[in-house]
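First up is the structure itself, then whatever we jot down about it.
Numbering (the working numbering), first residue to last: 18 to 375.
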């Protein structure tokens with residue numbers, strides 16, 4: 018007998034047993050269920066939301082309709098992982114309420130207790146979508162709200178002052194991505210506002226001021242701008258700002274896709290170095306991708322592994338949709354152009370090889 022080290026796709030299949038042990042909820046014998054991508058136990062899933070790292074745990078919230086396998090009234094589902102590979106689904110985090118269903122957003126750790134919810138509170142910033150207001154023909158049916166957790170995301174309390182950012186009269190006013198801007202000692206919100214991005218700032222997550230707008234005349238405009246993200250990446254020791262903007266439709270394959278811009282941000286205004294359109298993916302199966310907050314120097318990314326061209330037609334039974342594998346983003350420069358790089362996270366190497374004795 019001798020030990021043989023086997024790698025490649027064979028081993029990815031062999032690793033399914035490990036995934037099954039770690040993830041208690043989904044049935045991995047379901048037809049079409051991915052073995053190394055997160056998928057919900059049941060119901061519909063789309064955009065990743067509220068991604069934050071806290072107490073050695075990666076939190077992945079997601080757009081979720083638990084009562085059917087096609088898009089319906091949105092909740093925030095919740096999954097956690099210690100390694101970005103093995104995911105455990107948790108109970109639903111946020112349910113619809115009198116203000117509306119729970120659309121996409123982000124989460125932060127309020128280390129300085131700026132909002133007054135408690136030191137190191139996990140705070141979710143999300144879009145309420147009010148279908149009753151929408152039925153009246155008004156454009157003001159989306160607005161931004163808060164919820165907070167003091168027990169690592171297990172239970173949540175919605176802020177009684179919601180909404181914290183009312184709708185000014187914009188039909189598509191959603192998907193807040195928030196981060197702490199240390200240089201200005203304030204929170205920055207990047208918000209999708211129809212065909213462009215609007216930046217807001219706040220000292221406390223509750224009171225927001227508009228800072229600037231971006232993108233009306235540059236970038237791809239074949240569809241609505243959604244799920245933005247603003248963060249820093251480093252190239253040759255220098256930091257640069259990257260703005261991600263998801264768009265549906267209008268991608269390079271006709272459907273939904275993720276574009277990006279590289280440039281400078283001064284706490285108020287984003288200025289791109291170039292104005293040409295660049296795509297994070299050219300394949301059709303990644304959308305609404307954004308990054309985890311609170312991960313230090315690593316910039317980690319995940320997207321919805323689907324496309325609105327066919328998302329409702331995937332032939333699964335009790336569940337529908339999966340996430341991409343987690344990736345680490347970087348920055349490269351070719352000529353005078355900065356390009357965002359994307360590679361699978363190093364933690365996935367655990368699935369690349371396994372020792373068998375024969």
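By construction, the Cβ of each residue, glycine as well, lies at the ideal position given by its N, Cα and C atoms. Predicted, not measured: the structure shown is a model, and the values here were computed from it.
Asked, Found
"Contacting residues, own chain, Cβ-Cβ under 8 Å from residue 175 (five flanking each side not counted)", "111, 114, 162, 163 and 164"
"Whole-number beta carbon distance between residue 201 and residue 280, since they are thought to touch under 8 Å", "The Cβ separation is near 17 Å, so there is no contact."
"CB of residue 181 within 7 Å of CB of residue 124, strictly", "no"
"Residue 150 - containing alpha helix (DSSP H), residue span", "148-152"
"Residue 169 and residue 72 closer than 7 Å at C-beta", "yes"
"Bridge-paired residues (DSSP) for residue 263", "243 and 275"
"Where residue 328 falls: helix, strand or coil (DSSP)", "helix"
"Residue 52 - DSSP class collapsed to helix/strand/coil", "coil"
"Spatial distance of residue 239 from residue 63 (CA atoms)", "21 Å"
"Buried versus exposed, by CB contacts within 10 Å (16 or more), residue 277", "buried"
"Those runs of the beta strand (DSSP E) which lie wholly inside the stretch 325-368 and span at least 3 residues", "344-351 and 354-361"
"Contact the stretch 345-363 vs the stretch 74-93: 3+ CB pairs below 8 Å", "no"
"Bridge partners - residue 295, DSSP secondary structure assignment", "277"
"Proximal residues to residue 262 (C-beta, below 6 Å), its chain only, five neighbours per side dropped", "242, 245 and 276"
"Reference residue 134, options 195, 223, 92 and 154, closest by Cα", "223"
"Cα-Cα separation between residue 230 and residue 159, rounded to whole angstroms", "18 Å"
"Any 3 or more C-beta pairs closer than 8 Å across the stretch 330-339 and the stretch 45-62", "yes"
"Beta-carbon proximity check, residue 178 vs residue 145, cutoff 7 Å", "no"
"Run of the beta strand (DSSP E) containing residue 226, from where it starts to where it stops", "226-231"
"Check whether residue 320 and residue 341 have beta carbons under 7 Å apart", "yes"
"Cβ-based neighbour list, residue 187, same chain, cut-off 6 Å, excluding 5 preceding and 5 following", "210 and 211"
"Other residues of its chain near residue 136: CB distance less than 8 Å, five sequence neighbours each side excluded", "127, 128, 129 and 130"
"Integer Cβ distance of residue 220 from residue 233, believed to fall under 8 Å", "Not quite, the Cβ-Cβ distance comes to about 28 Å (not below 8 Å), so this is no contact."
"Same chain, Cβ closer than 7 Å to residue 367, five either side skipped, listed in chain order", "102"
"Min CB distance residue 231 to chain D below 7 Å", "No chain D appears in the structure shown, which is made up of a single protein chain."
"Close-in-space but distant-in-sequence residues of the same chain around residue 87 (CB under 8 Å, 5 per side omitted)", "61, 329 and 337"
"As assigned by DSSP and simplified to three states, the class of residue 117", "strand"
"DSSP three-state assignment for residue 170, whether helix, strand or coil", "coil"
"Residue 237 and residue 264 closer than 7 Å at C-beta", "yes"
"Start and end residues, beta strand (DSSP E) containing residue 214", "213-219"
"Where residue 290 falls, given that 16 or more other Cβ within 10 Å makes a residue buried", "exposed"
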